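This report refers to the structure that appears directly beneath it.
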Amino acid sequence: METLERLVQAVQDGEAQKAVALTQEALAAKIEPLAVVKALTEGIREVGDRFERMEIFLPEMMLAAQAMQKALELLSPYLERQKEGREEKGTVVIGTVEGDIHEIGKHIVALLLEVNGFTVYDLGADVNALDFIKRAQEVKADIIGASALMTTTMPGQREIIELLKDMGLRHRFHVTVGGTPVTRDWAEEIGADSWAENASQAVAILEKAMEERRGHARTTL
Amino acid sequence: MPAPPYKMWEILERARTGPFSEDEPFIMERFMPHLKAGIKKYGIEYDPATPIPSDDNLADALWQAGLEFFLKVGVLCVDTHRIMTFDEKEVKEALYLAPGEYLVGSGKDARLLKHRQVEDTNPPFAIFSPDITCDEGLFSPLSIAYLKEPLADGVCAPILEESMGLKIKAQTPTELAGSIEHAMSLRQAAKLVGRPGIFLVAAGTAESDMAQISISHSDWGVRTTDSRLVGALTELKIDNALLNKALHYQQFGCFTGSLTGPIYGGYAGRAEGTAILQVAYHLMGLLVHQAHYQMNFPFHIHYTSNSSRELLWVISASHQAIARNTKLISFSNGFLNAGPATDMVLYEAAVHALASTVSGANLWEAAVAHNKYKNRATPLEARMAAEVGHACSHMKLKREGANELVQKIVAKYEDRIADAPLGSLFQECYDVAKAMPKKEYLDLYARVKDDLVKMGLEFPY
């Protein structure tokens, strides 16, 4: 099996040490770092798809993401030098809203976004509406993702949007909402830009949203 | 009969002084490897052909695996970043001190809440609970409808989203107001129905610690003969607000329920890991929550339900492990895919009750329609589960027999789980003013019950 194939397999199997060794082997063999990243990205996307089909479970996906992270750390100095060729999908600030301590759903969305090429800043749980916005400004985010797992914390999602409006920043960020009790109707009522029923849907919706934003920016420019 | 809290101050201190850990290493380097090792060491294996296993060795291995896993992993307090750890001697001491039964509720409505054995011939204690949110105007009719159910030994009311027309937001004055409205209205509904002392679990509207503390009142609010719940964070984690609740419940003097829902497909992975985790949660409930009973709702990460084959195995195997090896009181909470007034939801309710009752659990029924939609639950789903639970003990059903029945019933709906019908709203299939089911739903109920009789269930009436 070729080095690249073995590397992808190691990442998919969540074998971090093996992934690091094979990344070093790939670099020593002068395989183009961008080609390595491309193969890894395709491989990890397949991991995400398998998770959605419940062929693998969260522990396996987390180990695969960890192995991918280790491989990317080795590749990053090379990628810095070749930044122009690397796909930048967008930057997401994500968290669970104030008063809500549930994290796993948001964690899965963050993980899937990350393995699909987004830069993700996970603020954790019980996050104040203004803290979402401040952090999004700080990291120049494209997207704010707000999760709520209880009906009594869903108003925290509305607060983010209302604050953005009052601060004159609504146009700056795509706001997406999710969580078990959150419905499309609620997302529309509060004026969110998107809503996703599950993690893989969230990735597809945000990829499309970012394409549209870029298209819009290009047209505007 | 009531047990004192087990070394509460000593254990709470561990949230301040235990070993340091951040969240991610706790899950990645402690929780997941120990769970994987436990599954392998004890040879725990899920068998889709046997959603109700009859193997005592499996139940005992699961108990050992859960105990060992709990001792090795402990419970992380995410506010202090400290792990609360335990040794085997103190777990055994706490298990020995657990009384195994409590008199709950008051006066003529008081009931004995007991530990159950596998294949127990005593009927399960049944808590009727819609587990969903409702319109403010429907809170009383819904509560009254549940309180009217003859087999309800206890009731947990729906959750308010608005109070006095204002949207409730957690940790704000609207939550306080809504929680008081919830507790008062439920108490009033119980009196109206003629069951003033019925065991109430309240108030779901009070999500925060401060809101729970605000409703402790033996006149209009939660009484010492009632109960409240304290949860966990996913998985085996806790925070100071949850510890505040646990401590307050003990000092106020009501019954504490430990509310835990291990996620199938989450950090625990497959059925085997989810079952081990559910066993471990009983020990967290006993030692950290200082709870009088455990309320379990393992659920599927995609469907938020537990009536599928693999989740039925988790429910059955883990309850058998607890029933055979402890005196702990355990509830099994049905999470069903379909909504009210569908045949599917009634079959799901029957299956959940079969798997739970024969395995040694009490019943807490039922969250329906993926536990997601406002006003979408009725007492008839809970009635079906309770009637099936009573039928199991009435006919002295064994696990093998339950497994055969479950296989037949699951086959009726398992291919519809992903797109289960949402069914009707409470106000569509109930006469709201009378808080009684409409004829169409009663007819459907009777047809499903007849079908269950044809399959071999023997109802007491």
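Listed in order, the protein sequences are those of chains A and B.
Be aware that the first sequence starts at 1, since it is given in our numbering, and climbs by one per residue.
Be aware that the second sequence starts at 1001, since it is given in our numbering, and climbs by one per residue.
Here a beta-carbon is modelled for each residue, glycine too, at the ideal position from N, C-alpha and C.
As the structure is a computational prediction, the values presented were derived from the model and not from experiment.
Between the segment 1370-1386 of chain B and the segment 1403-1413 of chain B there are fewer than three inter-stretch CB-CB distances shorter than 8 Å, so the stretches are not counted as touching. With fewer than 16 other Cβ atoms from the protein chains shown falling within 10 Å of its own Cβ, arginine 184 (chain A) counts as exposed. Residue burial is scored here from C-beta neighbours: serine 1218 (chain B) has fewer than 16 other C-beta atoms within 10 angstroms and is therefore classed as exposed. The beta carbon of leucine 130 (chain A) does not come within 7 Å of any beta carbon belonging to chain B, so the residue lies off that interface. Proximity of threonine 96 (chain A) to chain B, defined by a Cβ-Cβ separation below 7 Å, is not satisfied. Contacts with chain B at 7 Å (Cβ-Cβ) include glycine 99 (chain A). Cysteine 1077 (chain B): member of the beta strand (DSSP E) spanning 1075-1077, first to last residue.
Note on threonine 1224 (chain B): under 16 other CB atoms within 10 angstroms of its CB, so exposed under the neighbour-count rule. Using a C-beta cut-off of 8 Å, the segment 1418-1425 of chain B makes no contact with the segment 1162-1178 of chain B, since fewer than three inter-stretch Cβ pairs fall below that distance. In this structure, leucine 1380 (chain B) keeps its C-beta atom at 7 Å or more from the C-beta atom of tyrosine 1461 (chain B). Identification of chain B residues near leucine 111 (chain A) by a Cβ-Cβ cut-off of 7 Å yields none; the smallest Cβ-Cβ distance measures about 11 Å. Residue state for cysteine 1254 (chain B) is assigned as coil, using DSSP reduced to three classes.
Restricting attention to A:Phe173, A:Val175 and A:Thr180, the CA atom closest to the CA of methionine 150 (chain A) is found in A:Thr180. The criterion of a C-beta distance shorter than 7 Å is not satisfied by leucine 63 (chain A) and glycine 99 (chain A). Fully enclosed beta strand (DSSP E) runs of no fewer than 3 residues occupy 119-122 of the segment 94-132 of chain A, in order along the chain.
Aspartate 1055 (chain B) and phenylalanine 1335 (chain B) have their C-alpha atoms roughly 25 Å apart.
Taking C-beta atoms as the reference points, aspartate 1343 (chain B) and asparagine 1240 (chain B) fail to come closer than 7 Å. Interface residue (Cβ-Cβ distance to chain B less than 7 Å): phenylalanine 57 (chain A) is classified as such. Listed along the chain, the chain A residues whose CB falls inside 8 Å of the CB of glutamine 1171 (chain B) are Glu98 and Gly99. Residue range 1379-1394 is occupied by the alpha helix (DSSP H) that includes valine 1388 (chain B). Cβ contact annotation for aspartate 1060 (chain B) (same chain, cutoff 8 Å, sequence separation greater than five): Ala1321, Arg1324 and Asn1325, in chain order. Counting along the chain, the unbroken beta strand (DSSP E) around arginine 1228 (chain B) starts and ends at 1227-1231.
From the beta-carbon of methionine 62 (chain A), the residues of chain B found nearer than 7 Å are Met1028. Contact annotation: in the segment 1269-1286 of chain B, residues whose CB is within less than 7 Å of a CB in chain A are Gly1269 and Arg1270. Residues of chain B whose Cβ lies closer than 7 Å to the Cβ of isoleucine 133 (chain A) do not exist, since the nearest Cβ in that chain is about 18 Å away. In the structure shown, the three-state DSSP call for arginine 1223 (chain B) is coil. Taken in chain order, the members of the segment 1189-1216 of chain B whose beta-carbon sits within less than 8 Å of a beta-carbon on chain A are Thr1205, Glu1207 and Ser1208. Annotated as proximal: leucine 1259 (chain B) and glycine 1231 (chain B), with beta-carbon spacing under 7 Å. The segment 1117-1129 of chain B makes no contact with the segment 1085-1093 of chain B; the number of CB pairs closer than 8 Å stays below 3.
In the DSSP annotation of this structure, the continuous segment of the alpha helix (DSSP H) that includes tyrosine 1281 (chain B) starts and ends at 1271-1287. Of all residues in the segment 1149-1170 of chain B, those with a C-beta nearer than 9 Å to a C-beta of chain A are Ile1159, Leu1160, Glu1161, Lys1167, Ile1168, Lys1169 and Ala1170, reading in chain order. Within chain B, not a single residue places a beta-carbon under 8 Å from that of isoleucine 161 (chain A); the smallest gap is close to 14 Å.
Aspartate 1431 (chain B) sits in a strand when the DSSP states are folded into three classes.
Setting aside the 5 residues that flank it on each side, glutamate 1207 (chain B) is surrounded in the same chain by Ala1170, each with a C-beta closer than 6 Å to its C-beta; the list follows chain order. The shortest CA-to-CA distance from alanine 1246 (chain B) to any of B:Val1075, B:Gly1285 and B:Ala1268 is the one to B:Gly1285.
Under DSSP, the beta-bridge partners assigned to serine 147 (chain A) are A:Thr96 and A:Gly178.
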